[in-house]
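Residue numbers (mature numbering (1 follows the signal peptide of the UniProt record, and there is no 0)): -22 to -1, 1 to 408.
Each residue gets a CB set at the ideal place from its N, CA and C atoms; glycine is no exception.
Note that this is a predicted model, so its numbers are computed, not measured.
A short worksheet on the structure shown next.
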Amino acid sequence: MSKMKKIFSIGLLFTLVFTLVACNGKEDKAGTTDAGDEKVTLNFWGFGATGYEELVKEYMEENPNVTIKFKTSENAEHHDALFTALSAGSGAPDIAMLEVDQLDRFKKAEDRFVNLYDVGAKDVQDQYLDWKWNGGQNTAGDFLIGLPTDIGPKALYYRTDVFEAAGLPTDPAEVEALINSPEAFKDAGIQVKEKTGKPFVDSMEMAYRAYLDAANESHLNPEGELLLENEGNAVKQAYDFAVDLNAAGLVGKFEMWTPEWANAVNNGDFAVELGAGWLKGWMEGNAPDASGNFKVATLPTEFAANWGGSYLAIPAETENSQAAFDFIKWLTSPENQLSSFQTNGLFPSAPAVYEMEEFKTSEDKFFGGQVTSVVFAEAAKDINGAVYKGEKYVPVNNEILNALRNVQEGADPKEEWEAAVKRAKDLVSR
């Protein structure tokens, strides 16, 4: 989801997981309702700043028999309310957005959703990036919980004024050639620190996510087993990298989405952000003083990854599954993904958009006239695929983040890691 705030501070309803999986829901009505000329009302729950309100109005104008009631809320509030409604077996909307970090939590209860393969999803599968589409399936590949909306290919956002002051190149091609490995990333950070006194990265979380988002495994496997103690675990590698950058004095204390962070973005108080495509829209709207001082470059291969994005799902209790699918198919079409990108910075998961002239020639004034869309499109194609995260990903990952913050305050990294793993074990065993 683009521009969503507090994306990781999500309170999960642990005890309801088992209720969701165990109790029987209403009979799936997939494919049994065709709106035709009948009046249909669809309740649509979303989160964050999508700009879908305008597209909803457009759809209703084109389909006067369909009324869509769109409600948007914060990420955590939205997902918890949806989880509660699904658990109760009533009160869920006809259409619901699911954020990628929350997806496995809801896949555990696929019986509470319409299988989109039953209402025509196969017909549009070729419109989307394979890795994004596959992320919406169950492990067997025979159940599709949601249609792809936006994605979050990551790139290097860098302050050209800070780079220039540090004696580093500012042209995107030259920056890509220079910062082409994790080691080169650190070397550039050291030069920035020595020449300007500024941290290279804004926070421990972003330093940690450099490796984490690109990992081919996460904290848990599909069997619910914790992977953190395995030899060569990717999460531990990401943790160690953040610790190493912090020890070199390259990490700031600007937590994303806080007022302090917003001021730091505006003022150039740190040099780089390893951000997703959706961050571009936030910066254009919320960091006016930074306009003209940022550019983007592709990241080293080791850091190429997706961060964020969502799917549109249809809860099984709907009585209008076909009408709901017809709408989400329209909303996620390449043409409307282009519109969402242009108005709200939601980066398209439909690669046909990458070839559209409006996309390829869209100069960004905020980024000094750079056509940043092309950089993110290149990054999107380099992403290997969706990684299984598990229903308890968010609280387990928060334990690692807490450990990293403690390290930044002077705690011992080894002791903090071991304590975080112990807390994660307790969470998984509940």
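Proximal residues to Ala398 (C-beta, below 6 Å), its chain only, five neighbours per side dropped: Glu377, Ile378, Ala381
Taking 8 Å as the cut-off, decide whether the C-beta atoms of Val78 and Gly113 are in contact. In this structure, Gly113 lies closer than 8 Å to Val78 by Cβ.
Where the alpha helix (DSSP H) containing Ala151 begins and where it ends: 150 to 156
How big is the Cα-Cα spacing for Ser51 and Leu290? Going from the Cα of Ser51 to the Cα of Leu290 covers about 15 Å.
If we count Cβ pairs, one from each stretch, closer than 8 Å, do we get three or more for the segment 327 to 336 versus the segment 163 to 183? Below 8 Å, too few C-beta pairs join the segment 327 to 336 and the segment 163 to 183 to call them touching: fewer than three.
Let me check understanding here. Comparing Cα to Cα, which of Ala226, Lys392, Asn194 lies closest to Asn211? Asn194
Taking the beta strand (DSSP E) that Thr350 falls in, what are its first and last residues? That residue, Thr350, is in no beta strand (DSSP E); its alpha helix (DSSP H) goes 350 to 359.
For Glu251 and Asp180, believed in contact at Cβ under 8 Å, the rounded distance: Contact flag correct, Cβ pair sits at about 6 Å.
Comparing alpha-carbon positions, which option in Lys307, Asp404, Asn208 lies nearest Val34? Nearest Cα to Val34 within the set Lys307, Asp404, Asn208: Lys307.
Could you tell me how far apart the beta carbons of Val274 and Met261 are, in whole angstroms, since I believe they sit closer than 8 Å? Rounded to the nearest angstrom, the Cβ distance from Val274 to Met261 is 10 Å, too far for a contact under 8 Å.
Under 8 Å between the Cβ atoms of Phe141 and Ala249? Yes, these two residues count as a Cβ contact at 8 Å.
Taking the alpha-carbon of Pro131 as reference, which of Val353, Val374, Glu203 has the nearest alpha-carbon? Selected option, being the one with the closest Cα: Val353.
In terms of residue numbering, what span does the alpha helix (DSSP H) encompassing Tyr217 cover? For Tyr217, the enclosing alpha helix (DSSP H) has its first and last residue at 212 to 225.
Can you give the Cα-Cα distance for Gly24 and Phe61, rounded to whole angstroms? Roughly 13 Å separates the two Cα atoms.
For Gln320, which residues of its own chain have a beta-carbon under 8 Å away from its beta-carbon, when the five flanking residues on both sides are left out? Glu336, Ser340
Buried or exposed (CB count within 10 angstroms, at least 16 for buried), Arg408: exposed
Return the chain-ordered ranges of every beta strand (DSSP E) run that is complete within the segment 247 to 297 and spans a minimum of 3 residues. Within the segment 247 to 297, the complete beta strand (DSSP E) runs of at least 3 residues are 250 to 254, 272 to 275, 284 to 291.
Is Ala8 buried or exposed, if buried means 16 or more other CB atoms sit within 10 Å of its CB? Confidence in Ala8 is poor, its pLDDT being 37 and thus under 50, which makes the residue's placement unreliable; the coordinate value appears in the next sentence. By the neighbour-count rule (16 or more Cβ atoms within 10 Å), Ala8 is buried.
Taking C-alpha atoms, which residue in Gly255, Val213, Val229, Glu39 lies nearest to residue 423? Within the shown structure, residues of the chain are numbered from -22 to 408, placing residue 423 beyond reach of any answer.
Please classify Tyr136: does DSSP put it in a helix, a strand, or coil? strand
Pro278 beta carbon less than 8 Å from that of Ser159: yes
Near Cys1, which residues of its chain fall below 6 Å by C-beta distance, leaving aside the five closest residues on each side in sequence? Here Cys1 scores only 42 on pLDDT, less than 50, and its place in the model should not be relied on; the value that follows carries that caveat. Within the same chain, Cys1 has no close Cβ partners at all.
Tell me the rounded alpha-carbon separation between Ala143 and Ile157. 17 Å
Check whether Leu188 and Ala357 have beta carbons under 8 Å apart: Sequence check: residue 188 is Ala here, not Leu. Going by C-beta atoms, Ala188 is not nearer than 8 Å to Ala357.
With contact counted as at least three CB pairs below 8 Å, one residue from each stretch, are the segment 254 to 268 and the segment 85 to 95 in contact? no
Residue 411 and Asn298 look like a contact to me (Cβ under 8 Å); what is the Cβ gap, rounded to whole Å? Residue 411 lies beyond the range of the chain shown here (-22 to 408); nothing can be said about it.
Could you tell me how far apart the beta carbons of Glu387 and Arg83 are, in whole angstroms, since I believe they sit closer than 8 Å? Not a contact, Cβ separation roughly 31 Å.
Just to confirm, is the Cβ distance from Asp58 to Ser288 under 8 Å? no
Where do the ends of the beta strand (DSSP E) carrying Thr19 lie? 18 to 25
Three-state class that DSSP yields for Phe232 in the structure shown: When secondary structure is reduced to three states using DSSP, Phe232 falls in the coil class, being assigned neither helix nor strand.
What separation, rounded to the nearest whole angstrom, lies between the Cα atoms of Phe325 and Val349? Cα to Cα, Phe325 sits roughly 14 Å from Val349.
Between which residues of its own chain and Gly167 is the CB-CB distance below 6 Å, once the five residues before and five after are set aside? Phe178, Leu228
Give me the Cβ distance between Ile123 and Lys176, rounded to the nearest whole Å; I'm assuming they're in contact under 8 Å. Ile123 to Lys176, Cβ: 43 Å. No contact.
Identify which residue in Gly323, Asn314, Tyr371, Asn208 has its Cα closest to the Cα of Gln105. Ranking the options by Cα distance to Gln105, first place goes to Asn314.
Let's test the definition: count the other Cβ atoms within 10 Å of the Cβ of Ser327 and tell me whether it reaches 16, buried, or not, exposed. buried
Could you tell me the alpha carbon to alpha carbon distance between Asp139 and Leu190, rounded to whole angstroms? 28 Å
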